[in-house]
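Student: Heads up: the protein sequence lines correspond to chains A and B, in order. Here the first sequence is numbered in this note's numbering, starting from 1 and rising by one per residue. Here the second sequence is numbered in this note's numbering, starting from 1001 and rising by one per residue. Ideal placement from N, C-alpha and C gives every residue a C-beta, glycine not left out. Keep in mind the model is a prediction, meaning the values are calculated, not measured.
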Amino acid sequence: MKASAKVYALHLGVVALLAGLGFVLPEYHFGLLSRIMVLAVFAMGYNMLFGYVGLLSLGHAMFFAAGLYGAGLSVIHLGWSVPAALAAGIGCGAVLALLVGLLALRTSGVAFMIVTMMFAQVFSLLILYFSAWTGGDQGLVVPQPARSLALGATTLDLTNPATRYCAALTLFTLALFVTLGLVRSRYGRVLVAIRENEERTRMLGYDTFSNKLVAVVVSGAICAASGAVYALLFGYVGSNFASVQYSILPLLWVLLGGAAATLGPLVGTLFMYYVTDITSGYTSAYLLIVGVALILLVLFFPKGILGTVRQRWLGWLP
Amino acid sequence: MHFGPHLLLATLEGLVTSAVLALTALGLSLVFGVMRIVNVAHGEFFMLGAVLAWAISTAISGHPALGFLAALVLAPLVVGAVALVAERLVLRRLNYNPEGTIVATIGMLYIIQQLALTFYGPEARPVEAPFSYRILLPWFGYSGYKLSVVAASAVLLVATWLVLTRTRVGLIMRATQYDSETAQAFGIPVDRVYGGVFALGAMLAAVAAVLIVPISQAHYLMGQDPLLLSFIVVIIGGLGSLRGTVVAAVLIGLSDGIISMFFSPTLAKIIATAAVALVLVFRPQGLFGTTPR
């Protein structure tokens, strides 16, 4: 089989597997997996920037929250329909990413990490400041009747677990193939070139700033899409999604699953969620076990799970 | 109160914040500068210092000053030992890889936080100040302990500066920071320097926490804010610049105290954070740092 055929077969296989799991999983895991798929998209957006361009941001929670609030608030306050809210959420994320990118990309290395963290902090403080509209740290609940999608003659109720699973899977599939297409394209190679050696890429005639800026906007839009869908599917908008913790989580998921691997975000999110879930069943001190797991993983699988698999066995993994 | 005394009060409060912040940030800056790693668990070492201070001062009966002094000596030593073990067991094996160490220190953050919650509990607990002398100003009385925190922090900062610039140990640390490979070639045990610096950084955070704990209480989540603020201070001050760290800490502590007394605290934070970010964007090397090589 040709390499690219193998790649597409693998990704289609993963999507098919997730779709199949939808029929056999018990109810609890069914709900958990829907959430994991939506959050894996958040991690994919993060991976776009961190894995392929090598820019470590500590502020991606603001893009997720921009999508979350963009979609949630336009439903709650403006009474918009689901597709319009979705577009509003993604639009908010992309515009915010453009602004942040224009400023933050003037810095590099540690300064970039801190600048993105500061902007995210400003964003989360703004949410608290305008608590009259955003609900502050209490958050807001998206009313159930608003969370339905009219498709032709039928109406999809997004609060129904099965519809929710399908919606999450659709988003996940779209995001997966968008990122796969991007990283295998000419543009994706330029991004990797920037990660490996920015000076040399510039010398070869590429405008590295605008290439990076586009990557920031794409990454922000994907994260915002995840946030918008999260708000519409799970019906809650809260300021804790804009906190530093939610900026660190996607970094964690990506590093665990494997940076610069298209399936890495899914593997990392799945792993982290199930480690937390399983250990919290045994002891209330599950964070301890999560901490130990993180340290062991980084000691013995420094390239993440898929990074190690790629290094040892499957060199063709994208 | 009139504007003048109000401003004085805000300035005094800001100075106390600055003093503690300068010590914490100095610890982060040393680790950041010498080892080139981002220690996300730094705030947890701060929290550990405060929690240990509570444990030690309640274990020792008698005058509160006795317990406090014991905590001031013992808590940093214990925290330093914990940090040293963590460094030997984890960070060294990662070869100080920047990304790996971030994940590893996030892991440490979870572990320390959870252990504190399990063994110490979710309550915030106070530690009695060693003395309760109030200095009477014409407009209001002010806690003498708070002023002594500023003095103690200043003494410690000067001591650290003297160690760094005037002693052989300091010379070795600066050599490692400047160029670790060349330092190694000249027979400096870079590996042991890293262990020592990591422990020293954690100890500075612990001392700061012991000093602040009679003013604010010990709580298992108290490490979050110092971590974020220390990051800001270190970056604004410029990497590895002791003078910059102190100036930035005073600047941020004072502006935090003054702005939040006269305006809404949230708005003050928004403005301060945005300003900090913009300083970084237009002067990435910090106010006092030199351009990184």
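Starting from the Cα of A/V38, find the closest Cα among A/T269, A/L105, A/G238 and give me that residue.
Tutor: When each option's Cα is compared against that of A/V38, the closest is A/T269.
Student: Anything in chain A within Cβ reach of B/V1090, meaning under 9 Å, just list it in chain order.
Tutor: Per Cβ cutoff of 9 Å: I295, V298, L299.
Student: Is B/T1245 close to chain A? Criterion is C-beta to C-beta, closer than 7 Å.
Tutor: Not one chain A Cβ lies under 7 Å of B/T1245.
Student: Please name the residue in A/V216, A/R200, A/G258 whose C-alpha comes closest to that of A/R106.
Tutor: Out of A/V216, A/R200, A/G258, A/V216 has the C-alpha closest to the C-alpha of A/R106.
Student: Go through the segment 1081-1164 of chain B residue by residue and report every complete run of the beta strand (DSSP E) that reaches 3 residues or more, in order.
Tutor: You should have 1134-1136, 1141-1143.
Student: Counting C-beta neighbours from all protein chains within 10 Å, is the total for B/Y1220 16 or more, i.e. buried, or is it exposed?
Tutor: So B/Y1220 counts as buried.
Student: For the alpha helix (DSSP H) that B/D1225 lies in, which residues bound it at each end?
Tutor: Unbroken alpha helix (DSSP H) run through B/D1225: 1224-1237.
Student: Taking all protein chains shown into account, do 16 or more other C-beta atoms lie within 10 angstroms of the C-beta of B/G1141, making it buried, or fewer, making it exposed?
Tutor: Its Cβ having fewer than 16 others within 10 Å, B/G1141 is exposed.
Student: Under 8 Å Cβ-Cβ, which residues of chain B neighbour A/F209?
Tutor: In chain order: nothing, as chain B lies at least about 14 Å away.
Student: So A/T276 is in the alpha helix (DSSP H); what residue range does that whole segment cover?
Tutor: A/T276 -> alpha helix (DSSP H) spans 264-282.
Student: For A/N240, count neighbouring C-beta atoms within 10 Å of its own C-beta (all shown protein chains included) and say buried if the count is 16 or more, exposed if not.
Tutor: By the neighbour-count rule (16 or more Cβ atoms within 10 Å), A/N240 is not buried but exposed.
Student: Could you check which residue in A/V82, A/S131, A/L213 has the C-alpha nearest to that of A/A150?
Tutor: Answer by Cα proximity: A/V82.
Student: The beta strand (DSSP E) spanning A/D336 covers which residue range?
Tutor: Look at the range of chain A in this structure, 1 to 318, and you will see that residue 336 of chain A is not part of it.
Student: Taking the C-alpha atoms as reference points, what is the distance between B/L1147 and B/L1021?
Tutor: So the alpha carbons of these two residues sit roughly 15 Å apart.
Student: Can you tell me whether A/Y206 is helix, strand or coil according to DSSP?
Tutor: In the structure shown, A/Y206 sits in coil (DSSP, three-state: anything other than H, G, I, E or B).
Student: Counting beta carbon pairs with one atom in the segment 223-241 of chain A and one in the segment 57-76 of chain A, are three or more of them shorter than 8 Å?
Tutor: Yes, they touch.
Student: Please identify the residue among B/W1139, B/V1234, B/R1125, B/L1008 whose C-alpha is closest to the C-alpha of B/A1249.
Tutor: The candidate whose alpha carbon is nearest that of B/A1249 is B/V1234.
Student: Leaving out five residues before and five after B/A1059 in sequence, what residues of the same chain have Cβ atoms less than 8 Å from its Cβ?
Tutor: Same-chain partners within the cutoff: G1067.
Student: Could you tell me whether the segment 152-170 of chain A touches the segment 274-284 of chain A, where touching means 3 or more Cβ pairs closer than 8 Å?
Tutor: Touching, no.
Student: Just to confirm, are A/F63 and A/G31 a CB contact at a threshold of 7 Å?
Tutor: Contact flag unset, no.
Student: Could you give the DSSP three-state label for A/Y236: helix, strand or coil?
Tutor: Looking at A/Y236 - three-state DSSP - the assignment turns out to be strand.
Student: Check whether the Cβ atoms of B/T1266 and A/V122 lie closer than 7 Å to each other.
Tutor: Contact: no.
Student: According to DSSP, is A/S108 helix, strand or coil?
Tutor: Here A/S108 sits in coil by DSSP.
Student: Compare the C-beta of B/F1119 against all C-beta atoms of chain A and say whether one is closer than 7 Å.
Tutor: No - not a single Cβ of chain A is within 7 Å of the one on B/F1119.
Student: Got a sec? Which residues, its chain only, sit under 6 Å from B/N1039 by beta carbon, not counting five neighbours each side?
Tutor: So the list reads V1031, T1105, once near-sequence residues are dropped.
Student: Please name the residue in B/T1101, B/M1035, B/H1063 whose C-alpha comes closest to that of B/E1128.
Tutor: When each option's Cα is compared against that of B/E1128, the closest is B/H1063.
Student: At a cut of 8 Å, does the segment 1040-1053 of chain B reach the segment 1200-1214 of chain B through at least three beta carbon pairs?
Tutor: These segments touch.
Student: According to a CB-to-CB cut-off of less than 8 Å, which residues of the segment 97-126 of chain A neighbour chain B?
Tutor: The segment 97-126 of chain A vs chain B, Cβ under 8 Å: L103, A104, R106, T107, S108, G109, V110, A111, M113, I114, V115, M117, M118, F119, Q121, V122, L125, L126.
Student: So is B/R1166 buried or exposed if we call it buried at 16+ other beta carbons inside 10 Å?
Tutor: It counts as exposed.
Student: Applying the 10 Å Cβ sphere with the 16-neighbour rule, what's the burial state of B/T1160?
Tutor: Result: buried.
Student: Strictly under 7 Å for the Cβ-Cβ distance: is A/A168 near chain B by that measure?
Tutor: By this cut-off, A/A168 is not an interface position.
Student: Any residues in the segment 1106-1136 of chain B with a beta carbon nearer than 9 Å to a beta carbon of chain A? Which ones, in chain order?
Tutor: Against chain A - using a Cβ distance shorter than 9 Å - the residues of the segment 1106-1136 of chain B are I1106, G1107, M1108, L1109, Y1110, I1111, I1112, Q1113, Q1114, L1115, L1117, T1118.
Student: Since A/V292 meets chain B, which of its residues come closer than 9 Å, beta carbon to beta carbon?
Tutor: The contacting residues are G1107, Y1110, I1111.
Student: Along chain B, in chain order, which residues have C-beta atoms closer than 8 Å to that of A/L334?
Tutor: Residue 334 of chain A lies beyond the range of chain A shown here (1 to 318); nothing can be said about it.
Student: Quick check on DSSP: helix, strand or coil for B/V1034?
Tutor: It is helical.
Student: Quick one: what does DSSP say B/A1041 is sitting in, helix, strand or coil?
Tutor: It is coil, neither helix nor strand.
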